[in-house]
Each structure stands twice: as C-alpha cells, then as structure tokens.
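> In this note's numbering, the protein residues as written are 34 to 223. Virtual Cβ for every residue (Gly too), placed ideally from N, Cα, C. Keep in mind it's a predicted model, so treat the numbers as computed, not measured.
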Amino acid sequence: MLRGVTLAVRGGEVLQITGANGAGKTSLLRTLCGLMYPEEGHVSWRGHDVREDLPAFHEALVYIGHEPPLKADLTACENLRYWVGLRHRVAPQRVASTLESVGVPGLADRLVRTLSAGQRRRVALAALLLLAVPLWLLDEPTTNLDAEGQRLVTSLIEQQASTGGIVVAAVHHELSIGAHRLRRLELTTA
Numbered sequence: 034m035l036r037g038v039t040l041a042v043r044g045g046e047v048l049q050i051t052g053a054n055g056a057g058k059t060s061l062l063r064t065l066c067g068l069m070y071p072e073e074g075h076v077s078w079r080g081h082d083v084r085e086d087l088p089a090f091h092e093a094l095v096y097i098g099h100e101p102p103l104k105a106d107l108t109a110c111e112n113l114r115y116w117v118g119l120r121h122r123v124a125p126q127r128v129a130s131t132l133e134s135v136g137v138p139g140l141a142d143r144l145v146r147t148l149s150a151g152q153r154r155r156v157a158l159a160a161l162l163l164l165a166v167p168l169w170l171l172d173e174p175t176t177n178l179d180a181e182g183q184r185l186v187t188s189l190i191e192q193q194a195s196t197g198g199i200v201v202a203a204v205h206h207e208l209s210i211g212a213h214r215l216r217r218l219e220l221t222t223a
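(1) Which two residues bound the contiguous alpha helix (DSSP H) that contains V95?
(2) So is E173 buried or exposed if we call it buried at 16+ other beta carbons inside 10 Å?
(3) Apply the 10 Å Cβ neighbour rule to N54 and answer buried if 16 or more other Cβ atoms are within range, or exposed otherwise.
(4) Since L65 is in the alpha helix (DSSP H), which residue starts that stretch and which ends it?
(5) Could you pull out every unbroken beta strand (DSSP E) segment of at least 3 residues lying fully inside the region 155 to 186, listed in chain order?
(6) Quick check: G57 and L35, are their CB atoms within less than 9 Å of each other?
(7) Start and end of the alpha helix (DSSP H) containing T131?
(8) Exposed or buried, what is P102 when buried is set at 16 or more other beta-carbons lying within 10 Å of its beta-carbon?
(9) Within 10 angstroms of the Cβ of L140, are there 16 or more other Cβ atoms? Answer buried if so, exposed if not.
(10) Over the uninterrupted beta strand (DSSP E) stretch that includes R216, give me the two end residues.
(11) G211 and P167 - do their beta-carbons sit closer together than 9 Å?
(12) Taking the C-alpha atoms as reference points, what is the distance between L220 and V204?
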C-alpha cells in the first residue's frame with residue numbers, strides 16, 4: 034500500500050523509483066498510468082486530472098511492465114504493427130529498421146514465442162521508439178538484458194529525456210543517467 038507519495042516530473046527528467054520487493058514500485062507505476070486509482074489524491078497530466086480524459090492521457094504514454102505486452106503467436110513485426118497501430122500506422126520497413134536499431138535485426142518475422150526473454154524485451158523497447166510519446170513508464174526495463182542491452186536502455190532513456198520527454202522507471206539498481214536529468218524516489222515498506 035502506498036502512502037504519502039507526492040511527486041512531480043517535468044519534461045527532460047528521469048525519475049528512478051527504487052525500493053525493496055513489495056515496497057509498491059509497480060503499484061505506483063500502475064497508478065501513474067491510470068490502471069489503478071488512488072484511494073486519496075490524484076494523478077495529473079499537463080495540469081488536469083487524468084480521469085477527466087483517460088483515453089487522451091493514454092495516448093501520451095507507453096507503459097511497459099515486468100513482462101512485455103507481446104502476443105506469443107504473432108511475429109515481432111505483427112506485434113509491433115498491432116501495438117503501435119492502435120495509435121498510428123507504421124510501415125513494415127520502419128518496424129524492421131527499428132528492430133535493427135534495438136539490436137534484434139532479422140527477427141521481424143519470427144514468432145515471439147521462439148524469442149529469448151532478452152529478445153522479447155528488445156522488441157518491447159522498439160515500441161518505445163515507434164510510439165514516439167512524451168511519457169514512458171517502465172517497470173524494470175533492463176530485466177533479461179545483457180550488458181549491451183542495459184546500455185541500450187540507458188541510451189534510449191537519455192534520448193527520450195534529451196528531447197523533452199519524461200521517463201519514470203522502477204528499478205532495482207541505479208540507472209546510469211546523467212545527474213542533471215536524474216531524480217530519485219525511494220519507496221520503503223512500513
């Protein structure tokens with residue numbers, strides 16, 4: 034249960050949320066994106082309570098939880114075209130080039146169920162680039178990634194912040210983001 038959490042994040046900032054298992058990191062992210070409602074208080078986006086127009090708020094964000102939201106019996110390309118296609122059209126060539134940019138070239142036509150956990154995570158990271166939204170909510174974004182993949186996540190987060198985007202990431206370890214962009218929130222268990 035979360036109590037006494039107040040925060041504000043501005044464009045160009047990265048908020049790193051840390052805490053022990055069960056401290057509420059995932060619950061906070063789910064609350065921030067409108068999947069859960071707080072018993073008290075509210076979540077605002079651009080000065081308005083997100084509940085006033087939840088669909089408009091959802092258009093401005095992408096949430097990637099512990100498990101990437103991918104369908105096992107679709108290919109990587111089909112997953113991304115569907116996921117991104119809910120918001121805007123995306124050409125298959127763009128999907129393929131984005132998959133290449135996140136380190137999984139040649140996987141566009143492979144079924145997701147045949148991919149490793151790290152490859153599935155990279156496919157989900159491709160969605161961040163294809164969706165091009167101002168707010169990223171990431172729950173353990175480096176899970177199942179090797180050192181190169183972890184550097185990729187850092188690079189993507191820095192790129193998002195440098196263009197004025199906002200990143201809120203729940204992590205178990207420190208993000209390697211420039212101190213001028215990084216803010217920290219430590220959740221504790223009672």
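Looking at the coordinates:
(1) From DSSP, V95 is part of no alpha helix (DSSP H) but of the beta strand (DSSP E) over 94 to 97.
(2) buried
(3) exposed
(4) 58 to 65
(5) 168 to 172
(6) yes
(7) 125 to 134
(8) exposed
(9) buried
(10) 215 to 220
(11) no
(12) 11 Å
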